[in-house]
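Novice:
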DNA sequence: GATTATACTATTGTTGAAAATCATAATAAT
DNA sequence: ATTATTATGATTTTCAACAATAGTATAATC
């Protein structure tokens, strides 16, 4: 995925999509933090765009859960409550289990090989930011054979919604060793076409990620 | 739920929400059919609004799957492919099962009573349009105790996305008798706090609805 | 000190118009 | 007659300047 985009010219697609993607990345990178207002004229000037596509982008981000509109006070980066974090992980488990169920029977050798090569890179990778990207890619490879565009979209959105915190607390992310084992385990399960096994490992995988994030958010709110 | 709204004055909330809700209902009622373009200046004049909130509303509807944007050709009412219908029902089953799981332990006597009274009205109801509303209300009552705002939102969106066809083919909807039995069965399962039973009935319930819609869409596309 | 008045800031929404793109009709070429 | 090319018109997409409104902070008044 293309990280940062400086100007519109390199971007194919509408202006509002360009803005949405730019803001999405800015939120991920922590440029805009939770509860921070997104000032329209400032952003419009910064990106050299007008209000119409900008507001369209903000509505789009609202629908993705990254932004909340306060009436007459504009858009602010949303802050997930602990309950919402749990909610999102529950939904992810339900939907990603479905993706696994539908994808396992369809997966091909080529995709398994690609997944394995991604895992091998992950094992060596030190930089947590690209580690996060590779992590996403791994799961994408395994879900795509479900051939369910809408499902993949929704999973991606939910993943983004909790994943944006990753960048902030990624430095002290320690549990990556266990995470690695789980990745290999899921890949094994795919090779064996064992849906139950893949789903079961996915469950512990997501469960750990959830607990990590919950603990982090706990500290975070105490400090603040 | 408030059916049609003639003008903005009666509406609390932003203009774009008003437009979105108006268009949503118009799509449900079949005023705008699948693949039909949504002309901006026409709608803007019709509703006495300007472009900014109108486009915001269209982006919102896009995020709900009711509308698709064709580059430089504007928004058209989306047409679900058979594969997408199956996809949505799969997602609904996964998410509504989750809602059941989380709601059953929390449901109270008062809500069970309300659900039962809704079912009794449904049993007598002849008008299919209000039948559809009551049907939605019944499921809402049973899901709400999950206390998962985001989940309920997503379920609602998915329901809308297939439910809009209901209005068109509701007249010849025959399988309502079986549907009634399933409703009472789900309610029973809730009373017994039997999650598995509730989920199992839900599965056949959604499965039948899916087959109905698939068959209808089959005929529909042949005629066209 | 609490309350009201006032100025300021930002959103929200309107209006009008320019630029870009697509579909279609009209025209020219093979 | 069929294909290519070129206008034409319609519509989206975006911009820009402005009005109205609500929220916030500051100053004035009781």
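Protein chains in written order, with the working numbering: chain F, 1 to 224; chain V, 1001 to 1224. Idealized CB from N, CA, C, for every residue including glycine. Keep in mind it's a predicted model, so treat the numbers as computed, not measured.
Roughly how many angstroms lie between the CA atoms of residue 68 of chain F and residue 28 of chain F, to the nearest whole one?
Specialist: 16 Å
Novice: Rounded to the nearest angstrom, how far is the Cβ of residue 89 of chain F from that of residue 210 of chain F, given a contact under 8 Å?
Specialist: 4 Å
Novice: Check whether the segment 111-121 of chain F and the segment 154-162 of chain F are in contact - that is, three or more C-beta pairs closer than 8 Å.
Specialist: The way I'd put it, the segment 111-121 of chain F doesn't touch the segment 154-162 of chain F; fewer than three beta-carbon pairs between them come closer than 8 Å.
Novice: Check whether the Cβ of residue 205 of chain F lies closer than 8 Å to any Cβ atom in chain V.
Specialist: no
Novice: Give me the chain F residues within the contact set of residue 1051 of chain V, using Cβ-Cβ distance strictly less than 8 Å, ordered along the chain.
Specialist: 52
Novice: Please state whether the Cβ-Cβ distance between residue 1145 of chain V and residue 1194 of chain V is less than 8 Å.
Specialist: no
Novice: According to DSSP, which residues form a beta bridge with residue 232 of chain F?
Specialist: Look at the range of chain F in this structure, 1 to 224, and you will see that residue 232 of chain F is not part of it.
Novice: Threshold first: 4 residues or longer. Then list the alpha helix (DSSP H) segments lying entirely within the segment 95-143 of chain F, N to C.
Specialist: Within the segment 95-143 of chain F, the complete alpha helix (DSSP H) runs of at least 4 residues are 109-124, 128-143.
Novice: Which chain V residues sit within Cβ distance under 7 Å of residue 87 of chain F?
Specialist: 1148, 1150, 1151
Novice: In the DSSP assignment, find the unbroken alpha helix (DSSP H) run with residue 51 of chain F in it and report its ends.
Specialist: 51-64
Novice: I'd like to know if residue 213 of chain F contacts chain V, where contact means its C-beta is closer than 8 Å to some C-beta of that chain.
Specialist: no
Novice: Kindly confirm or deny that the segment 15-24 of chain F and the segment 47-54 of chain F touch, where touching means at least three C-beta pairs closer than 8 Å.
Specialist: yes
Novice: List the whole-angstrom C-beta distance separating residue 1077 of chain V from residue 1010 of chain V, where the pair is believed to meet the contact cut-off of C-beta under 8 Å.
Specialist: Actually they are not in contact, since the Cβ atoms of residue 1077 of chain V and residue 1010 of chain V sit about 25 Å apart, beyond 8 Å.
Novice: Taking C-beta to C-beta, are residue 1168 of chain V and residue 1065 of chain V nearer than 8 Å?
Specialist: no
Novice: Could you check the C-alpha separation between residue 1178 of chain V and residue 1040 of chain V for me, to the nearest Å?
Specialist: 43 Å
Novice: Comparing C-alpha positions only, which one of V:1060, V:1026, V:1062 sits nearest to residue 1046 of chain V?
Specialist: V:1026
Novice: How would you label residue 1154 of chain V, buried or exposed, when you count the other beta carbons within 10 angstroms and need 16 or more for buried?
Specialist: buried
Novice: Which chain V residues are close to residue 90 of chain F, counting only those with a beta carbon under 8 Å from its beta carbon?
Specialist: Going along chain V in sequence order, the residues near residue 90 of chain F (Cβ under 8 Å) are 1098, 1102, 1148, 1151.
Novice: Taking the alpha carbon of residue 1201 of chain V as the reference point, which residue from V:1128, V:1073, V:1185 has its own alpha carbon closest?
Specialist: When only C-alpha atoms are compared, the closest one is V:1185.
Novice: Count the other C-beta atoms from every protein chain shown that fall within 10 angstroms of the C-beta of residue 1097 of chain V, then say buried if there are 16 or more, exposed otherwise.
Specialist: buried
Novice: Taking the alpha-carbon of residue 1189 of chain V as reference, which of V:1035, V:1112, V:1086, V:1093 has the nearest alpha-carbon?
Specialist: Checked all of V:1035, V:1112, V:1086, V:1093; the closest Cα to residue 1189 of chain V is V:1112.
Novice: Going by the CB atoms, is the gap between residue 1060 of chain V and residue 63 of chain F shorter than 8 Å?
Specialist: yes
Novice: Tell me, please, whether the CB atom of residue 1009 of chain V is closer than 8 Å to any CB atom in chain F?
Specialist: no
Novice: So which residues on chain V does residue 94 of chain F lean against when the C-beta distance must stay under 8 Å?
Specialist: 1094, 1095, 1097, 1098
Novice: Considering only the beta carbon of each residue, do residue 1057 of chain V and residue 1099 of chain V sit closer than 8 Å?
Specialist: no
Novice: Using 8 Å as the threshold, is the C-beta distance between residue 74 of chain F and residue 23 of chain F below it?
Specialist: no
Novice: So, is the C-beta of residue 1059 of chain V closer than 8 Å to a C-beta in chain F?
Specialist: Put simply, the CB of residue 1059 of chain V is near chain F, with a gap under 8 Å to one of its CB atoms.
Novice: Got a sec: is the Cβ-Cβ distance from residue 46 of chain F to anything in chain V below 8 Å?
Specialist: No, no contact with chain V.
Novice: Counting only Cβ pairs nearer than 7 Å, list the residues of chain F close to residue 1063 of chain V.
Specialist: 60, 63
Novice: Could you tell me which of F:207, F:101, F:84 sits nearest to residue 197 of chain F, measuring between CA atoms?
Specialist: F:101
Novice: Using beta-carbon positions only, say whether residue 110 of chain F and residue 142 of chain F come within less than 8 Å of one another.
Specialist: no
Novice: Taking only runs of the alpha helix (DSSP H) that begin and end inside the segment 1160-1209 of chain V, which ones reach a length of at least 4 residues, in chain order?
Specialist: Qualifying alpha helix (DSSP H) stretches, in chain order: 1166-1169, 1176-1191.
Novice: Going by the DSSP bridge assignment, what does residue 38 of chain F pair with across the sheet?
Specialist: F:75
Novice: Inspect the beta-carbon positions of residue 1151 of chain V and residue 1095 of chain V and report whether they are closer than 8 Å.
Specialist: yes
Novice: Do you know whose CA, among V:1084, V:1072, V:1007, V:1071, lies nearest residue 1048 of chain V's CA?
Specialist: V:1007
Novice: By DSSP, does residue 146 of chain F sit in helix, in strand, or in coil?
Specialist: helix
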